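See structure below.
2 protein chains.
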Amino acid sequence: MDEKYSIGEFAKKTGTTIRALRYYDEIHLLKPTLVSPSGRRYYSNNDIIQLQKIVALKFLGYSLEKISEFLHLKDWDLKDSLAFQKQEMVQRKEHIERVIRALDHALHIMEDQGTINSSIFISLINNIQMEDEHKEWLKGLIPESTVEGLYDLSEEKQQELNTRTAILLTKMKEAVGKNPESDEVQGLIQQYMDIAEDVLGGSLELIQDLLDSQVEIEDDPVLFPSPFTPEEEEWLGKAMEIYLKRKGVVFNGDETSK
Amino acid sequence: MDEKYSIGEFAKKTGTTIRALRYYDEIHLLKPTLVSPSGRRYYSNNDIIQLQKIVALKFLGYSLEKISEFLHLKDWDLKDSLAFQKQEMVQRKEHIERVIRALDHALHIMEDQGTINSSIFISLINNIQMEDEHKEWLKGLIPESTVEGLYDLSEEKQQELNTRTAILLTKMKEAVGKNPESDEVQGLIQQYMDIAEDVLGGSLELIQDLLDSQVEIEDDPVLFPSPFTPEEEEWLGKAMEIYLKRKGVVFNGDETSK
DNA sequence: CTTGCTTCTCCCGTTACGTTAGGTTTTATG
DNA sequence: CATAAAACCTAACGTAACGGGAGAAGCAAG
């Protein structure tokens with residue numbers, strides 16, 4: 001009933017390691033009931049219960065320091081703490097879910113394409129990573145309901161759009177330098193606009209709005225990764241301008257003068 | 259176009275910290291394009307792209323060492339790596355989900371009860387933590403289909419059962435020492451069996467099976483936490499025996515010798 | 001008494017930086 | 001041009017929860 005276990009026996013019995021037990025002793029989290037004159041640690045059945053508490057709380061994500069407080073204060077004000085801990089865990093879960101979504105999108109594109117351009121890859125990841133910030137930022141430019149609608153697409157739809165966009169961006173990068181007025185380039189822009197229309201619900205006004213707001217974006221404190229280099233962007237800008245002019249959108253040509 | 263940024267400017271522009279940039283320099287992950295004779299670091303636009311790659315890969319959960327490999331080998335064998343990384347993340351997610359479930363159950367009980375006995379709390383957590391191991395273990399004792407059915411209850415149902423069980427266990431702990439043959443104690447056992455029937459689908463045979471297998475559990479290498487102390491268990495065993503005898507179940511009275 | 005197993009106490013290594021401390025360089029201003 | 005303020009530098013310790021190794025000592029059996 002009041003058996004004594006050596007540290008090795010105790011470790012085996014409880015599924016922990018000897019090293020961990022010594023560590024718990026060191027930080028005063030769980031001290032053996034008895035220490036022999038020669039310094040050997042001996043644990044009792046009572047210590048098993050204590051260790052179980054520690055393991056359970058560790059599973060819930062508490063640090064050993066917090067656990068120490070709980071067990072020492074002996075006053076389990078769990079309720080609040082558990083609720084708080086749950087919030088923490090829910091946040092971690094959401095983070096991981098975003099990561100998984102990003103991985104899925106990237107994998108999906110690679111299956112379709114076999115490979116992926118590194119800068120496209122980066123901006124893809126970044127889009128998902130910054131989802132919330134982007135949302136808030138867009139809300140400053142276009143109506144909130146539209147923004148929510150944008151992000152409220154089904155997972156499949158998002159996958160598809162991302163893939164189409166990635167393929168298109170790849171083609172565009174290959175086309176850089178070609179005559180912006182050529183049918184090929186204008187065709188790509190057309191495709192891009194088709195996707196944009198698909199997402200935005202089809203009015204060119206939004207695009208106009210976005211263009212008008214460009215000026216402010218220039219010196220954004222934190223820099224958004226664009227999949228294009230400055231040279232590529234200049235070329236793209238030209239092609240875009242031509243496209244929009246042909247469609248009758250007014251472009252207030254503000255040259256990027258610092 | 260080929261601007262140079264001091265470390266401070268660069269940090270602000272990219273949303274990292276100065277310390278992080280110095281650390282990346284130290285571990286040869288991202289070295290500034292130019293270092294002045296006095297030792298000051300100056301970064302270029304090219305470094306921005308590198309840093310974006312680093313940030314993106316970090317978001318996906320890669321260690322800086324792995325990232326270093328990727329960027330140095332220049333040979334993005336992402337496909338496999340991404341798939342592997344996804345597996346990792348899915349596992350982490352599952353872990354967190356178990357933790358959240360455990361927290362939910364505990365919170366649910368506390369809302370109902372206002373408090374919770376620490377040993378009941380521990381065994382509750384442990385049940386969820388060990389879910390998979392318990393499953394496997396039970397499959398050795400009762401038919402696999404029954405086991406799967408057991409764990410396939412809805413979240414709500416599980417909550418409810420856990421709460422009822424916890425309340426009952428609390429009452430039982432309070433009743434320890436009372437006459438096992440009294441109506442009160444036998445009533446509690448009856449309630450316990452009601453819950454068991456609810457879960458197991460109502461045959462006493464399973465309980466018989468479980469009782470028969472008790473012998474083997476005794477010296478399980480890794481010790482399962484039970485919410486009862488040995489004394490409490492002994493008392494419970496008696497009450498249980500009386501209950502089952504009255505119901506006509508044969509109990510092969512194997513005294514816990516050794 | 002020797003062998004072999006268990007345990008002991010240091011102490012370094014891990015990750016990705018944060019945080020001083022104490023000294024130097026660059027930039028801004030009078 | 002002198003000096004103050006801002007920015008930057010290196011060096012070094014701290015973090016969380018142990019893992020792993022070195023070298024010494026305890027303990028039971030033959």
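Chains A and B are the protein sequences, given in the same order. Going by this note's numbering, the first sequence wraps up at 258, each residue one higher than the last. Going by this note's numbering, the second sequence wraps up at 516, each residue one higher than the last. No residue lacks a Cβ here, since even glycine has one placed at the ideal position from N, Cα and C. The model shown is predicted, which means the values in this text are computed figures rather than measured ones.
Using only alpha-carbon positions, find the residue among the options that is nearest to residue i.
i: M498(B); options: R350(B), E418(B), Q416(B), E439(B); result: E439(B)
i: I128(A); options: H105(A), L60(A), K238(A), L21(A); result: H105(A)
i: E346(B); options: V55(A), V99(A), E9(A), G8(A); result: V99(A)
i: T421(B); options: G407(B), V443(B), F379(B), M451(B); result: F379(B)
i: T170(A); options: E234(A), Q113(A), E69(A), G237(A); result: Q113(A)
i: K415(B); options: I425(B), D456(B), P401(B); result: D456(B)
i: A102(A); options: K247(A), Q159(A), I54(A), V90(A); result: Q159(A)
i: E489(B); options: K270(B), T274(B), K436(B), V293(B); result: K436(B)
i: H108(A); options: E65(A), E148(A), L161(A), E69(A); result: L161(A)
i: G15(A); options: P401(B), M388(B), I325(B); result: M388(B)
i: S326(B); options: E491(B), K271(B), I285(B); result: I285(B)
i: T281(B); options: K271(B), K316(B), L322(B); result: Going by the sequence as given, residue 281(B) is Tyr instead of Thr. When only C-alpha atoms are compared, the closest one is L322(B).
i: S81(A); options: K66(A), E94(A), V90(A); result: K66(A)
Leaving aside the five residues before and after residue i along the sequence, list all residues of the same chain whose C-beta is less than 7 angstroms from its C-beta, in chain order.
i: E513(B); result: Caution is warranted here: a pLDDT of 42 is assigned to E513(B), below 50, making its placement in the model unreliable, and no coordinate value can be reported.
i: K86(A); result: none
i: A517(B); result: This structure cannot settle anything about residue 517(B), because the visible part of chain B is limited to 259 through 516.
i: M368(B); result: I374
i: T291(B); result: Y300, Y301, S302, N304, D305
i: K311(B); result: L329
i: D478(B); result: A caution first: D478(B) carries a pLDDT of 46, below 50, which makes its placement in the model too unreliable to give a value.
i: L60(A); result: Q85
i: L336(B); result: none
Under 6 angstroms Cβ to Cβ from residue i, same chain only, skipping five residues before and after it: list those, please.
i: M172(A); result: L188
i: K31(A); result: D25
i: F268(B); result: Y301
i: E216(A); result: Confidence in E216(A) is poor, its pLDDT being 48 and thus under 50, which makes the residue's placement unreliable; the coordinate value appears in the next sentence. Correct list: empty, nothing qualifies.
i: K496(B); result: P438
i: W493(B); result: V434
i: S296(B); result: none
i: D152(A); result: none
Taking C-beta to C-beta, are residue i and residue j nearer than 7 angstroms?
i: K4(A); j: Y42(A); result: yes
i: L287(B); j: I265(B); result: no
i: R277(B); j: I96(A); result: no
i: P485(B); j: S381(B); result: yes
i: I125(A); j: A341(B); result: no
i: L168(A); j: Q190(A); result: no
i: S165(A); j: I195(A); result: For the sequence presented, residue 165(A) should be read as Thr rather than Ser. Yes, the pair counts as a contact, with Cβ atoms nearer than the cut-off.
Considering only residues of the same chain and omitting the five flanking positions on each side of residue i, which have a CB-CB separation below 8 angstroms?
i: D2(A); result: S44, N45
i: S515(B); result: Reliability of the predicted coordinates at S515(B) is poor, the pLDDT of 37 falling under 50, and no value is obtained from them.
i: Q50(A); result: L30, L71
i: V293(B); result: R299, Y300
i: T275(B); result: A269
i: Y243(A); result: Q186, I189, Q190, M193
Interface residues of the segment 365-389 of chain B facing chain A [CB-CB below 9 angstroms]: L365, M368, E369, G372, T373, I374, S376, S377, F379, I380, S381, L382, I383, N384, I386, Q387
Contacting positions in the segment 348-360 of chain B - beta carbon closer than 8 angstroms to chain A: Taking 8 angstroms as the Cβ-Cβ cut-off against chain A, the residues of the segment 348-360 of chain B that qualify are V348, R350, K351, I354, E355, V357, I358, A360.
3 or more residues per run - each beta strand (DSSP E) lying fully within the segment 34-118 of chain A: 41-43
Near-chain A residues of the segment 298-328 of chain B - C-beta to any C-beta below 9 angstroms: N303, I306, I307, Q310, K311, V313, A314, L315, F317, L318, G319
Positions along the segment 334-345 of chain B whose CB lies within less than 9 angstroms of some CB in chain A: W334, L336, K337, L340, A341, Q343, K344
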